[in-house]
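**Student:**
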Amino acid sequence: MTLWRAVAVSCALAAICFVDEGSLHGTHVYDDGGTIKDNLVVRRPWTKQEPPAWAGNDTVWAEYGEWAALVEEIKAELHFISIADFWGTELATPQSHKSFRPVATLTYRINYLLSGDDLFWYHVVNRVLHVVITGLATVLSHRALESDDGFSTLVAGLLFALHPIHGEAVCNLTGRAELLMSLFYLLGVLVYLRSVEVGRARLHTIWTSLKVAIFPLICTALALLSKETGIILPVTCIVCDFCRERASIPALLSALLPNKNEEKEESNDGESKIADTNSTERAARVQDMRWLIARAVVLFSGTIGIGIWRLSLNGEGKPNLIVDQNPAAFAEDRFTRIMSVNYIYFSYMESFVFPKWLAPDWSGPSIPLIETVSDPRICLVVGFWIWLFGSLTYALAVRELDRNRRAVLQSVLGYTVAPFFMASNLLVITGTMKAERVAYLPSLGPCMLAAFCVDLITRKMGRKLGQPPSCLVQGALLAVLLVLTFRTSERQHAWSDPYHLWESAAKINPRSWHTWYNYGVQLVRHNRPQEAEALFWKVKEARSHDFANRYVLGVVLRAQGRCDEVLELADESIEMLEMDRPGENKLRLNKKGDKAYMLTLKSYCAPTIAEMSIYAQEAILTDPSNSAARDRVEELSKLAVSLGLSDSTSNKKVQVTEESIAKQMESIEAHKKMIAQQQQLAQQQKEDQKKQ
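Have a look at this one:
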């Protein structure tokens, strides 16, 4: 099979596999609320500009004036996008998450301007990106595997197109950042390799080396502005160049440190050296290695410059991460931290080989930490590193045996390790312990390795035992692809709406507090309050300081008419918030907002309108920005007018209604975000105290 047929088949199946009506017409899921739904940069009205004064009423100048106004409107759009982070907060402020992804935000903005709140076209764009990336991945696999008949290329392309680990990046709209980064990443690598091959005879000049590096560095900037992990693109280019040149550590050392004896012989008998073919080839080899090093230096220098420029945009503060989101990397004990983080690496590989346990959240105690030497998972970690170091040793072996296989292994390791490096917690601590979207691009390496192994087994069995055994291997491969397709379909269904997502997450990952909370919220919205209540009590028991959970639990209890329990819960929460202990204010930076929510709960369950009004007004005074408190005050005002009563004089008892429950549930997510910011700031202050 030719390369382009393999590309066509892979892209076609990628498109077909991810066409799911429920997912394409799905709602905002998971982080979509922060990146799109509540992002004012994405959803703000179009900034209409008036034509400049010089346009006047003249028809010709008026036409130019309209174009000038349009240019100003576009400049205004780009300005707002260029100063805000991925969540719509101004990047230079301390409150920013520092996730600056303007390319992704720009595509969301264009989607919103063209289709408004219709999410169908948002999902279509994600699918198109996945199809294009699949095509680029297939082409790159062909170069890495050096397939003669195209079979291994097709296998790699199909595995990448159909793998269920890609469900989050493709089906979740927030995953578009990962898709865009992967697009520019693969495009940069392919263009770099093509440029090196086409200009091989002219690469031995500084200017040519610079020109070869320009486009990959442009792609690096675009990938970085799509998602931060794109900064590692030049490293992949260097690794690919290393593999293409069949370079080894001794060859690079010989290029940097030339043999003095050979130089001396060349000066004494130059003519014999020219006649010696082997010596000429060695000299050419050394020259190739030197220019390989030159290109690597150019790429590395460009990467450093782009990275410094990106960091300069962050302004005040630094990314505030929540410990519960990545407890393995934040573990204080060094043994626990090292072994737990390495077990996460093994877990990613396990998810690729056996993609059964896939979930959107792995925070908190989802993956228990390795705290003792007796933990049996240490054997898995040790085995994983033995395999990895063995592969690296073989890939960088000095011997010339099996050079083609070593080149393939080098490529596989490069396409796996390099894209994953920024998410590995080695250079910086990330905001997630494990996430499917992070494995989107790094999964290309294992896809290549699997394709290479299948092709190798097929060839060997075909030569030794004839055609039927190779057909058996291909049949087994077909069965695997069908299983992956079915599993991908399940992931699409899960990502079609929040209820299915958190229902599946609760089955796969029953240890996560975050999953309990979100699944409970969805159960409330689907009229299953008893089941939701059980989950909220579990969260309260595990995390007594989680006031967002306490508030939602109070809403559920009130909906069931259990106001005595609501008042008891609210009083207990307010007492906790008002506790004056050393460091208490630093730990509860949003205590006013939490207290306002608790007072709002009391307002709903107070026996008289007068008491309801008192609690509601106190909530507003405590936190004027609290949406639930403002809604409650407005409801009470309307109630008083309809009854012809004054809020301050009436002691008439009223029946608790359910009309405002929907509004309260909408404010839950906003409250959760405030809690997250509170924990982020608390963690930053804790780190500052340690430094002092």
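Quick note on numbering: the sequence shown equals residues -19 to -1, 1 to 673 in mature numbering (1 follows the signal peptide of the UniProt record, and there is no 0).
Think of the CB as a built atom: it goes at the ideal place given N, C-alpha and C, for glycine as much as any other residue.
For a test of the three-state rule: what should DSSP assign to A65, helix, strand or coil?
**Tutor:** A65: strand per DSSP, three-state reduction.
**Student:** Determine the burial state of S355: buried for a count of at least 16 other Cβ atoms within 10 Å of its Cβ, exposed for fewer.
**Tutor:** Label assigned to S355: exposed.
**Student:** Kindly provide the ranges of any alpha helix (DSSP H) runs that are 4 or more residues long and lie completely inside the segment 470 to 556, ordered along the chain.
**Tutor:** DSSP runs (the alpha helix (DSSP H)) wholly in the segment 470 to 556: 479 to 489, 494 to 506, 510 to 523 and 528 to 540.
**Student:** Three or more C-beta pairs closer than 8 Å, one from the segment 67 to 87 and one from the segment 156 to 164: is that the case here?
**Tutor:** Touching, yes, given that three or more Cβ pairs across the two stretches are closer than 8 Å.
**Student:** Along the chain, where does the alpha helix (DSSP H) that runs through Y585 open and close?
**Tutor:** That run of the alpha helix (DSSP H) goes K572 to C586.
**Student:** Assuming V170 and C224 form a contact by the criterion Cβ under 8 Å, report the distance between their Cβ atoms to the nearest whole angstrom.
**Tutor:** With 8 Å as the limit, V170 and C224 do not qualify as a contact, their Cβ atoms being about 11 Å apart.
**Student:** Could you tell me the alpha carbon to alpha carbon distance between F196 and D604, rounded to whole angstroms?
**Tutor:** The straight-line gap from Cα to Cα measures roughly 51 Å.
**Student:** Nearest to E58 by CA position, among L94, M593, V454 and D222, is which residue?
**Tutor:** Per the Cα distances, L94.
**Student:** Using only the alpha-carbon positions, how far apart do N499 and S133 sit?
**Tutor:** Answer to the nearest angstrom: the Cα atoms are 42 Å apart.
**Student:** For a test of the three-state rule: what should DSSP assign to T70, helix, strand or coil?
**Tutor:** Coil.
**Student:** My guess is that G542 and F517 are in contact by the Cβ rule of under 8 Å, so how many angstroms apart are they, rounded?
**Tutor:** Actually they do not touch by this definition, with Cβ atoms about 17 Å apart.
**Student:** At 4 residues or longer, and completely inside the segment 265 to 314: list those alpha helix (DSSP H) runs for me, N to C.
**Tutor:** With a minimum length of 4 residues, the continuous alpha helix (DSSP H) runs that stay inside the segment 265 to 314 are 308 to 311.
**Student:** Going by DSSP in three states, T374 sits in which element: helix, strand or coil?
**Tutor:** DSSP places T374 in helix when its eight states are reduced to three.
**Student:** Which same chain residues, not among the five before or five after N490, have their C-beta less than 6 Å away from its C-beta?
**Tutor:** Excluding sequence neighbours, N490 sits near A340, S347 and T496.
**Student:** Below 8 Å between beta carbons: does that hold for F141 and S332?
**Tutor:** Not in contact: F141 and S332 (Cβ atoms no closer than 8 Å).
**Student:** Taking the alpha-carbon positions, what's the T8 to S282 distance?
**Tutor:** Computed Cα separation, rounded: 43 Å.
**Student:** Take the Cβ of P26 as the centre, count every other Cβ of all protein chains shown within 10 Å, and call the residue buried at 16 or more, exposed below.
**Tutor:** It is exposed - the Cβ of P26 has fewer than 16 other Cβ atoms within 10 Å.
**Student:** DSSP three-state call for S128: helix, strand or coil?
**Tutor:** Of the three classes helix, strand and coil, the one that applies to S128 here is coil, per DSSP.
**Student:** Is the distance from the Cβ of L205 to the Cβ of I212 below 8 Å?
**Tutor:** In contact: L205 and I212 (Cβ atoms closer than 8 Å).
**Student:** Look at the alpha carbon of N107 and the alpha carbon of T374, and state the distance between them as a whole number of angstroms.
**Tutor:** Their backbone Cα atoms lie some 39 Å apart in a straight line.
**Student:** Which of the three DSSP states, helix, strand or coil, is assigned to M414?
**Tutor:** Correct three-state label for M414: coil.
**Student:** Where does I348 sit, in a helix, a strand or coil, going by DSSP?
**Tutor:** Residue state, collapsed to three classes: coil.
**Student:** Which word fits M560, buried or exposed, when buried means at least 16 other C-beta atoms lie within 10 angstroms of its C-beta?
**Tutor:** Per the 10 Å Cβ criterion, exposed.
**Student:** What span of residues does the alpha helix (DSSP H) with P83 cover, start to end?
**Tutor:** Run containing P83: P83 to S96, per the alpha helix (DSSP H) assignment.
**Student:** Would you say Y329 touches the ligand ATP, meaning its beta carbon is less than 7 Å from a heavy atom?
**Tutor:** Questions concerning the ligand ATP fall outside what the structure shown contains, since it holds no ligand whatsoever.
**Student:** Near A(-5), which residues of its chain fall below 6 Å by C-beta distance, leaving aside the five closest residues on each side in sequence?
**Tutor:** So the qualifying residues of the chain are V112.
**Student:** Report yes or no: do the segment 457 to 465 and the segment 300 to 315 share at least 3 C-beta pairs separated by less than 8 Å?
**Tutor:** No: fewer than three Cβ pairs fall under 8 Å.
**Student:** Classify D12 as helix, strand or coil using the three-state DSSP reduction.
**Tutor:** Correct three-state label for D12: coil.
**Student:** Confirm, please, whether the CB-CB distance from L273 to D342 is below 8 Å.
**Tutor:** No, these two residues do not count as a Cβ contact at 8 Å.
**Student:** For R613 versus T589, is the C-beta distance shorter than 8 Å?
**Tutor:** Contact: no.
**Student:** Whole angstroms is fine: what's the gap from L(-15)'s alpha carbon to L453's?
**Tutor:** Reading off the sequence, residue -15 comes out as Arg, not Leu. Between R(-15) and L453, the C-alpha separation is close to 23 Å.
**Student:** From what residue to what residue does the alpha helix (DSSP H) around S207 run?
**Tutor:** Here S207 belongs to no alpha helix (DSSP H), and DSSP marks it neither H nor E.
**Student:** Does the segment 508 to 526 come within contact of the segment 361 to 374, defined as at least 3 CB pairs closer than 8 Å?
**Tutor:** Because the criterion of three Cβ pairs below 8 Å is not met, the segment 508 to 526 and the segment 361 to 374 do not touch.
**Student:** How would you call N301, buried or exposed, if buried means at least 16 neighbouring beta carbons within 10 angstroms?
**Tutor:** Burial call: buried.
**Student:** Please classify P145 as buried or exposed, where buried requires at least 16 neighbouring CB atoms within 10 angstroms.
**Tutor:** With 16 or more Cβ atoms within 10 Å of its Cβ, P145 is classed as buried.
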